[in-house]
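S.K.: Dropping a structure here in structure tokens format, bear with me for questions.
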Amino acid sequence: MSTAALVLGVFREAAYDEPNLLDVVARIERSLSRNLAPDDFVTAVVAGYPSEGRMELVNCGHAPPLLVGEAGVIAVEPTRPAPPLGLASLGGELPSLQVVPFAEGDQLLLYTDGVIEARDRGRKYFPLLERVPRHICDEPSRTLASLHDELLSHVGGRLHDDAALLLLRKPVLDAVRRVADTPST
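When the letters of the sequence shown are read in order and numbered with UniProt numbering, they come out as residues 1 to 185.
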């Protein structure tokens, strides 16, 4: 079984059973400590949307998500950096729960290290934080397609590592109501 499949399987079960994100992360950590080789680990951001207007995050050694809102694009750095999943036995900080505002129209961009470690011919990394503002729009799929195109352009058309982008958008309720109230033809 691959490490990714293991983590996703444990996450799906824990998310259903556990009362909060820290308990979900602790359960994943316990499973990984039993099932991974001593030098294997996984970086992750575990996110939840428990109530209106806020997002909960637990960052386990992963690149910080980017929050896009009225204040611009902000890297949500962990308040207390924790090691990647699978390395808790080595000591260090325990993961902490971070609560960030997540209002109507806000977007949260999660990404893998393959995105920010992608290099151009001059060996310069892809400057994701700098590039996101020019691509953000109200349609996440268009934002992601545009960012992906620029990433491919940056590396000369071919990525040398896996790269994933995930964009979550809190819809604006007035826009949702207008669409729902529009008569179908």
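Virtual Cβ for every residue (Gly too), placed ideally from N, Cα, C.
Every value quoted in this text rests on a predicted model; they were computed, and no experiment measured them.
Taking contact to mean 3 or more Cβ pairs, one atom from each stretch, closer than 8 Å, check whether the stretch 112-125 and the stretch 72-87 are in contact.
M.R.: With a cut-off of 8 Å on Cβ pairs, the stretch 112-125 is not in contact with the stretch 72-87, counting fewer than three such pairs.
S.K.: Taking 7 Å as the threshold (beta carbon to beta carbon), is ASN59 in contact with chain D?
M.R.: Protein chains in the displayed structure number just one, and chain D is not present.
S.K.: Which of the three DSSP states, helix, strand or coil, is assigned to GLU56?
M.R.: As a first step, residue 56 must be located in the sequence shown, where it is residue number 56. Correct three-state label for GLU56: strand.
S.K.: Can you give, in chain order, each stretch of the beta strand (DSSP E) that sits fully within the stretch 14-61 and has at least 3 residues?
M.R.: 44-51 and 54-60
S.K.: Counting pairs of Cβ atoms below 8 Å between the stretch 67-76 and the stretch 10-25, do you hit three or more?
M.R.: The stretch 67-76 vs the stretch 10-25: no contact.
S.K.: Check ARG169 in the structure and name its three-state DSSP category.
M.R.: Within the sequence shown, numbered from 1, the residue matching residue 169 stands at position 169. If DSSP states are grouped into helix, strand and coil, ARG169 belongs with the strands.
S.K.: Please return the same chain residues whose Cβ sits closer than 8 Å to the Cβ of PRO38, not counting the five positions on each side in sequence.
M.R.: The residue given as residue 38 occupies position 38 in the sequence shown. Taken in chain order, the list of residues that qualify is empty.
S.K.: Find the nearest neighbour of GLY92 within the set VAL100, GLN98, PHE102 and PRO81, judged by alpha-carbon distance.
M.R.: Within the sequence shown, the letter at position 92 stands for residue 92. Checking every option, the nearest Cα to that of GLY92 belongs to PRO81.
S.K.: In chain order, what residues of the same chain lie with their CB nearer than 8 Å to the CB of LEU159, ignoring the 5 residues before and after it?
M.R.: Sequence index remark: in the sequence shown, residue 159 carries index 159 (1-based). Only GLY114, ALA118, LEU151 and LEU152 meet the Cβ criterion.
S.K.: Just the C-alpha distance for ASN20 and VAL45, rounded to the nearest angstrom, thanks.
M.R.: What you label residue 20 is simply residue 20 of the sequence shown in a count that begins at 1. What you label residue 45 is simply residue 45 of the sequence shown in a count that begins at 1. In a straight line, the C-alpha of ASN20 is about 14 Å away from that of VAL45.
S.K.: State the DSSP-derived secondary structure class of LEU67, mapped to helix, strand or coil.
M.R.: What you label residue 67 is simply residue 67 of the sequence shown in a count that begins at 1. Reduced to three states, the DSSP call for LEU67 is strand.
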